[in-house]
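Novice: Right, I'll just put the structure down here and ask away after.
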Amino acid sequence: MSEPVRILVTGATGAVGAALTRALDAAGHRPHGVSRRGGTGPRQHTWSAGLEEPPPALRRTWDVVVHCAADTRWNLPEEEAERANVAPLRAVLGLAAPGTHFVHLSSSYVTGLTGDIRSPSPAAYRNSYEWSKARAERLVHAERDSADIVRFPVVMGARADGSLDRYSGFFWLPSSLCSGAVPAMVAEEKALLDIVSTDDVADHVVRLVAGGPPTGRRLSILGRGEDAQPVAEVFETVRAALNSWRAEHGVPALDRLPSMTPEQWNRFYLPFAEEHLDRAQLLRVTAFRAYQGYLSVTEPFAVTHRVPDTVEVLHRSIRRWAETHQSSARRVPRAWS
Ligand SMILES: NC(=O)c1ccc[n+]([C@@H]2O[C@H](COP(=O)([O-])OP(=O)(O)OC[C@H]3O[C@@H](n4cnc5c(N)ncnc54)[C@H](OP(=O)(O)O)[C@@H]3O)[C@@H](O)[C@H]2O)c1
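First residue of the sequence shown? That's 78 in this note's numbering, and the numbers climb one at a time after it.
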C-alpha cells in the first residue's frame, strides 16, 4: 500500500479552506488543517502564523501545503495588511521542503490597477488587501522554484445549497440592501462581477494535488471571464434571492435601486449627500465608496479555467445568507430622501 499524502491546509476554518478540507476528505485524503483559533474536526491545529513559532505537530515533512490563510479585509493600514497576508505566508513557506507541492491561493484582483503584480507601490492597487496579496505572490516567486498560484474572484457558497463556512466581503451587499445603506446601484454600465463557488476552487486544488507539483511556478485563474454576470444583473439576482426569501417570511419586497455610474455618483450625488446627510448616513455612504472599484471592472479576467455558470450559485448563496442572518435579512430599508 502506498503512503498517504501528507497535506496541510492553512486557513482551514475559513470559507475556502473548510470547503477544500471537505473536498480533500472526499477524495480519500486525510488533510491536516491549521488556523489561528483552531478547528473542531480531527487533525486541526492552532497556530497564528507569522506571529509565533509553529507548534511541534506542524514541523514535519509535508507532501502538500495549501495556503488559504489570509485576512480579506480591504481597509487595514498597510503595515497590518503586511502582517496579515505576507508575514504568515513567509512562516508557512518555512514549513515547506523543496519537494513539497506548494499551492498558494490568491485573488483575481491581485493585479490591481495596472494589470500585473509587479508594482510595490500601494497606489497601484485598489486597497491594502490587493497590495499585500500581490506582495505575497511576489514572495512565492522569490522563494519557490516550484509552486501553484491559484487566483479566483469573489467566492460564493457550495453549488448544491449555497452554504459557506464564513461570510465576508461581498456579503456586505445583501446586508446593505436590506438595511438601506446602499442608496443606488453605482456601477459602470458594462461592468462585470466574476464569481466562483467554493466548490470550483476546492475541486481545482484537489485536481492540482492529484497531478503533483509543477515544474516551475504555474498560475491558474478561475472564473467566468467574459461570461461573468454584468453588475446590474448581479444586483438583480441578489435582490430576487432576498425577495424570494422575504416573501416566504412575510417581509416586504425590496425595491429596485436607481442606477448610476461612479462618475455621476462621485460628481453629483456625493457632494450633495455630504452637505445634507447626517453622520450615520455619511458613514454608510463612505463605506459604500470602497466597493465602487469592484463594481467598475469592465475588462473580463483572462481565466485559464472557466467555471460553470454561477447565477444559480449566487441565488442560493444569498438565500442561504438570509437563512443564517435572519435579523439582517428581515430589515425594512429606510427610504433615502
Ligand atoms: N472570500 C473571497 O471572496 C476570496 C476571493 C478571492 C480570493 N480569496 C482568497 O482565498 C483565500 C481564502 O479566503 P477565505 O475567504 O476562505 O478567508 P476567510 O474565510 O476569512 O478565512 C481565513 C482563514 O485564515 C485563517 N487565518 C488568517 N490569518 C491567519 C494566521 N496568521 N495564521 C493562521 N491562520 C490564519 C483564519 O483562521 P481563524 O478561523 O482562526 O480566524 C481562517 O481559517 C485567501 O487567500 C483569500 O485571499 C478569497
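Glycine residues also receive a C-beta, built at the ideal position from the N, C-alpha and C atoms.
On the three-state DSSP scale, how would you describe P291?
Specialist: Residue state, collapsed to three classes: coil.
Novice: Would a C-beta distance cut-off of 8 Å place E265 and T375 closer than the cut-off?
Specialist: Yes, the pair counts as a contact, with Cβ atoms nearer than the cut-off.
Novice: Would you call Q306 buried or exposed, if buried means 16 or more other Cβ atoms sit within 10 Å of its Cβ?
Specialist: Label assigned to Q306: buried.
Novice: What does D225 pair with, by DSSP beta-bridge criteria?
Specialist: Its beta-bridge partners are V180, R295.
Novice: Return yes when the C-beta of P165 is under 7 Å from any heavy atom of ligand 1, and no when it is not.
Specialist: For ligand 1, at least one heavy atom lies less than 7 Å from the Cβ of P165.
Novice: Can you tell me whether N152 is buried or exposed, with buried defined as 16 or more other CB within 10 angstroms of its CB?
Specialist: Looking at its Cβ environment, which holds fewer than 16 other Cβ atoms inside 10 Å, N152 is exposed.
Novice: Counting beta carbon pairs with one atom in the segment 343-362 and one in the segment 311-322, are three or more of them shorter than 8 Å?
Specialist: Flag = no, the segment 311-322 and the segment 343-362 do not touch.
Novice: If you reduce the DSSP assignment to three classes, tell me which class G327 lands in.
Specialist: The answer is coil: DSSP assigns G327 none of H, G, I, E or B.
Novice: How far does the beta strand (DSSP E) with L85 in it extend, from its first residue to its last?
Specialist: Its beta strand (DSSP E) spans residues 84-87.
Novice: Give the single residue among R113, V163, R408, T188 whose Cα lies nearest to the Cα of S253.
Specialist: For the residues R113, V163, R408, T188, the minimum Cα distance to S253 belongs to R408.
Novice: Counting Cβ pairs closer than 8 Å, one from the segment 164-180 and one from the segment 190-197, do we hit at least three?
Specialist: Short answer: they don't touch.
Novice: Going straight from the alpha carbon of P230 to that of D355, what length do you get?
Specialist: If you take the alpha carbons of P230 and D355, they lie about 35 Å apart.
Novice: Thinking C-alpha only, which one of A213, G370, V286, H353 is nearest P81?
Specialist: The shortest Cα separation from P81 among A213, G370, V286, H353 belongs to V286.
Novice: What are the partner residues of N163, as DSSP defines its beta bridges?
Specialist: Here the sequence assigns Val to residue 163, which means Asn is not the residue at that position. According to DSSP, V163 bridges with nothing at all.
Novice: Below 7 Å, is the gap between the Cβ of S240 and the nearest heavy atom of ligand 1?
Specialist: No, the beta carbon of S240 sits no closer than 7 Å to any heavy atom of ligand 1.
Novice: Which residues mark the beginning and the end of the alpha helix (DSSP H) in which G110 is found?
Specialist: Here G110 belongs to no alpha helix (DSSP H); instead the beta strand (DSSP E) covers 109-112.
Novice: Who are the Cβ neighbours of R203 in its own chain at under 8 Å, not counting the five residues just before and after it?
Specialist: Taken in chain order, the residues that qualify are W151, Y186, G189, L190, G370, Y371.
Novice: My understanding is that R294 touches A224, with C-beta atoms under 8 Å, so please give their C-beta distance in whole angstroms.
Specialist: Correct: roughly 5 Å between the Cβ atoms.
Novice: Report yes if the C-beta of S415 is less than 7 Å from at least one heavy atom of ligand 1; otherwise report no.
Specialist: The chain is shown from 78 up to 414; residue 415 falls before or after that span and cannot be answered.
Novice: If we cut at 8 Å on Cβ distances, does G288 have a partner in chain B?
Specialist: In the displayed structure, chain B is absent; only one protein chain is listed.
Novice: Nearest to R169 by alpha carbon, out of Y206, E130, P197?
Specialist: In the sequence on display, residue 169 carries Val and not Arg. Looking at the Cα atoms, E130 is the closest of the given residues.
Novice: Taking 7 Å as the line, does the beta carbon of W124 fall inside it for any heavy atom of ligand 1?
Specialist: W124: yes, Cβ under 7 Å from ligand 1.
Novice: Assuming A318 contacts R396 under a Cβ cut-off of 8 Å, what Cβ separation, rounded to an integer in Å, is found between them?
Specialist: Sure, about 5 Å apart at Cβ, within 8 Å.
Novice: Give me, in chain order, the residues of the same chain whose beta-carbon lies closer than 7 Å to that of L250; leave out the 5 immediate sequence neighbours on both sides.
Specialist: For L250, where only same-chain residues beyond five positions count, the Cβ hits under 7 Å are V315.
Novice: Quick check: does the Cβ of V374 come within less than 7 Å of any heavy atom belonging to ligand 1?
Specialist: Not under cutoff, so the answer is no.
Novice: Which term fits A406, buried or exposed, when burial requires 16 or more other beta carbons within 10 angstroms of its beta carbon?
Specialist: Flag for A406 reads buried.
Novice: If you reduce the DSSP assignment to three classes, tell me which class P410 lands in.
Specialist: Reduced to three states, the DSSP call for P410 is coil.
Novice: Among P197, A200, W208, V143, which residue has its Cα nearest to the Cα of A161?
Specialist: The option with the nearest alpha carbon to A161 is W208.
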